[in-house]
Amino acid sequence: MPSREEILRGLYEHTIPGHAAQVKELTQAGIDMGLDPKDMLYGAQGMGLIPALREVGARFERGEYFVPEMLIAARAMQGAMSLLRPLLAKQGTKPIGTVVMLTVKGDMHDIGKNLCDMMLEGAGFRVIDLGVNTPPEKMIAAVQEHNPQIVGFSAFLTTTMPMFKVNIAALEKAGLRDKVKVMVGGAPVTEEYARKAGADGYAPDASATVRKAKELLGIRDEDTSGNSQALADAVAILDETMQKIGEAEAAVKSQL
Ligand code: B12
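Start counting the sequence shown at 132; every next residue gets the next number (our numbering).
Dropping the structure here:
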């Protein structure tokens, strides 16, 4: 069994080159030996998941890392987050609301949605995630089963954005439109498009998603300390990394 220090150092050293399997194994070993999930995230003496992803970001800025390396490292961290997230959320307070999240039918992109999930959970929401390529019927069944206050639709393709309207129409047809607030988002989505599609709210990123969700439900910004803060920080850094990837890709495309 590795020591606490070995686990934290291992998380740092394996996240930087994106060794997803080792990062997940070490995270599980840390959980099994009772390490505080927050320590694995924040680390100590500069070791751990967040310090590793910061180092990856720094290498990218110095021109030592490129998009693929950054993406691989972010994926390794996401694997660790999938194990830590439930533990961090469980230690939090009772849910301030329920959100059903999904990527619309025809669309397989979920990185942005997953970041929103994590951030919402970190802020105290219960999140029911229906995954990608979700047909409206599945969304309706989930709304009937879980009674969420908010339903969030994510789309990353211009061709799947019209599914927002289709889902909203399905809610209307099922007599559920007045029972939920609809939020939409995804890289190509704009505030104006969201309004035209009939949504109640739009957010350009995960932090704004939490602010908008609270605003829609009339929840005042409460203290986000402890685990919520740890999750928020982890999500913010993943978010930042993914945005750098997007910008780098756009820059490459514009030179072609
Ligand atoms: C990763 C990626 C993929 C991965 C997806 C992996 C996954 N599990 O998600 C894979 C390889 C599978 C993929 C496939 C395809 N992709 Co793709 N993909 C991307 C890429 C590089 C990054 C997207 C991403 O994850 N960004 C990171 C996140 C963090 O983005 P973000 O916008 O900042 O997310 C925030 C907000 O959008 C918001 N948000 C997100 N969802 C929600 C929901 C709600 C309710 C709210 C409030 C907010 C919110 O919060 C997020 C977190 O802060 C983009 C390029 C780019 N630069 O965007 C192309 C891109 C989106 N893909 C594109 C295309 C064309 C495709 C394919 C059709 C390619 C092909 N020919 O096969 C397929 C489509 C498959 C399908 N049916 O969906 C195009 C879309 C073009 C268009 N105008 O429609 C893009 C823009 C690339 C390009 N420049 O051409 N893709």
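Where a beta carbon is used, it is the ideal one built from N, C-alpha and C, also for glycine.
The structure presented is a predicted model; accordingly, all values stated were derived computationally and were not measured.
Check: Separation of residue 214 from residue 155, as counted between CA atoms; Outcome: 8 Å
Check: Near the ligand B12: residue 264 beta-carbon under 8 Å from a heavy atom; Outcome: yes
Check: Assigned exposure category for residue 369 - 16 Cβ within 10 Å defines buried; Outcome: buried
Check: Separation of residue 258 from residue 216, as counted between CA atoms; Outcome: 12 Å
Check: Anticipated Cβ contact below 8 Å, residue 157 with residue 181, distance rounded; Outcome: Not a contact, Cβ separation roughly 15 Å.
Check: Residue 418 to residue 330 span [Cα, whole Å]; Outcome: Residue 418 lies beyond the residue range present for the chain, which begins at 132 and ends at 387; the question has no answer from this structure.
Check: For residue 290, three-class secondary structure by DSSP; Outcome: coil
Check: Beta-carbon gap between residue 151 and residue 206 smaller than 9 Å; Outcome: yes
Check: Exposure of residue 140, with buried meaning 16 or more beta-carbon neighbours within 10 Å; Outcome: buried
Check: Residues near residue 289 in its chain [Cβ-Cβ closer than 6 Å; skip 5 each side]; Outcome: 319
Check: Residue 188 and residue 340 closer than 9 Å at C-beta; Outcome: no
Check: Rounded separation between residue 246 and residue 303 - CA only; Outcome: 28 Å
Check: DSSP state of residue 178 mapped onto helix, strand, coil; Outcome: strand
Check: CB of residue 164 within 9 Å of CB of residue 212, strictly; Outcome: no
Check: Buried versus exposed, by CB contacts within 10 Å (16 or more), residue 209; Outcome: buried
Check: Under 9 Å between C-beta atoms of residue 285 and residue 237; Outcome: no
Check: Run of the beta strand (DSSP E) containing residue 259, from where it starts to where it stops; Outcome: 256-260
Check: Residue 277 CB to nearest heavy atom of the ligand MN below 8 Å; Outcome: With respect to small molecules bound, the structure shown includes the ligand B12 and not the ligand MN.
Check: Limits of the beta strand (DSSP E) - the one that residue 231 falls within; Outcome: 228-234
Check: Between the CA atoms of residue 300 and residue 388 - distance to the nearest angstrom; Outcome: No information on residue 388 is available, as it lies outside the stretch 132 to 387 that the chain covers here.
Check: Every unbroken alpha helix (DSSP H) within the segment 268-330, with a cutoff of 4 residues, ordered by chain; Outcome: 294-304, 322-328
Check: Proximal residues to residue 168 (C-beta, below 6 Å), its chain only, five neighbours per side dropped; Outcome: 215, 218, 219
Check: Residue of 240, 228, 255, 204 minimising C-alpha distance to residue 291; Outcome: 240
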